[in-house]
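K.L.:
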Amino acid sequence: MSPLPPHPPIEPPPTRVEFPDPRRAGRREIVAVGVDFSPGTLLSAYRRGIFPWPQSRSLVPWCSPDPRAIFPLETPPHWSRSLRRTLRHHPFRISADEAFERTMRACGSTRPEGTWITPEMLEGYTALHRLGWAHSVEVWEGEQLVGGIYGVAIGGVFAGESMFHLRTDASKLAFATLVERLRAGGFQLFDVQVMNEHLASLGCVEIRRSAYLDRLARALLVDARF
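Going by this note's numbering, 91 is the number at position 78 of the sequence shown; the sequence numbering is gapless.
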């Protein structure tokens, strides 16, 4: 079991990377390119609404897409009937921050196209976790990790990075548990970055980048707790 991350989180040394203002990016989604995954660089990017989106081990694009996908936290979630049934009756144990690195590794290794999580990324996000900025929710079947989700929390913002499942509905359980935890902790913005069919089925919506950046600025000032 991993030691619980500290609260409040510890600020890392500042980055030397200067990210551009996404409001000036026009139609461009890629606003920078680089391979620096130090904790200071990652936090600087997320605070500006930018995240790394690696496609290979070469230079990594840092993105601020328009539109942006979020999960609304201001109202109680409306889960599907099948997910509500699963939430009431499931055989799994669900935890938080017990196995951050294992969850992150699993998110990369379970993709059909192969891992996109480089050793540098793993090192950077694991360092963020040790400092108290990155968190995970895990789903267990006995001693086996069968589902999970991880992301970065800054103020009242949680930026979800990736999730995985080895059993039916395990990632949905992790996602729903995370939503309830964020709502209970006072978070105001759950950023899921880019819409896909799975996220849409869970209730995620798209908003314009300008609206997202406005929400981000407000939510960063909130003292939420994971």
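From the three backbone atoms N, C-alpha and C, an ideal C-beta is built for every residue, glycine too.
Predicted, not measured: the structure shown is a model, and the values here were computed from it.
#1: Within its chain, find whatever has a CB closer than 6 Å to the CB of ASP182; leave out the 5 residues flanking it on each side and keep chain order.
#2: Express the C-alpha separation of LEU233 and ILE23 in angstroms, rounding to a whole number.
#3: Look up HIS142 in the DSSP assignment and say whether it is helix, strand or coil.
#4: Buried or exposed: ARG81, going by 16 or more other Cβ atoms within 10 Å of its Cβ?
#5: Could you give the first and the last residue of the continuous beta strand (DSSP E) run that contains PRO74?
#6: Buried or exposed for GLN206, going by 16 or more other Cβ atoms inside 10 Å?
#7: Kindly provide the ranges of any beta strand (DSSP E) runs that are 3 or more residues long and lie completely inside the stretch 77-112, ordered along the chain.
#8: Check whether the stretch 205-224 touches the stretch 101-121, counting contact only when three or more Cβ pairs, one atom from each stretch, lie closer than 8 Å.
#9: Less than 8 Å between C-beta atoms, sequence neighbours within five positions excluded: which residues of the same chain meet that for MET14?
#10: Per DSSP, which one or two residues make a beta bridge with HIS178?
#11: Under the three-state reduction of DSSP, which class applies to GLY53: helix, strand or coil?
P.N.:
Let me spell this out:
#1: So the list reads THR99, once near-sequence residues are dropped.
#2: Each residue's alpha carbon lies about 16 Å from the other.
#3: In the structure shown, HIS142 falls within a helical segment according to DSSP collapsed to helix, strand and coil.
#4: ARG81 should be labelled buried.
#5: Counted as a single uninterrupted DSSP element, the beta strand (DSSP E) harbouring PRO74 occupies residues 73-76.
#6: The residue in question, GLN206, is buried, as its Cβ has 16 or more Cβ neighbours within 10 Å.
#7: If we require 3 residues or more, the beta strand (DSSP E) runs fully inside the stretch 77-112 come out as 81-84 and 106-109.
#8: Below 8 Å, too few C-beta pairs join the stretch 205-224 and the stretch 101-121 to call them touching: fewer than three.
#9: Within the same chain, MET14 has close Cβ partners GLU111 and ALA112.
#10: Looking at the DSSP assignment, HIS178 forms a beta bridge with GLY160.
#11: For GLY53, the three-state secondary structure derived from DSSP is helix.
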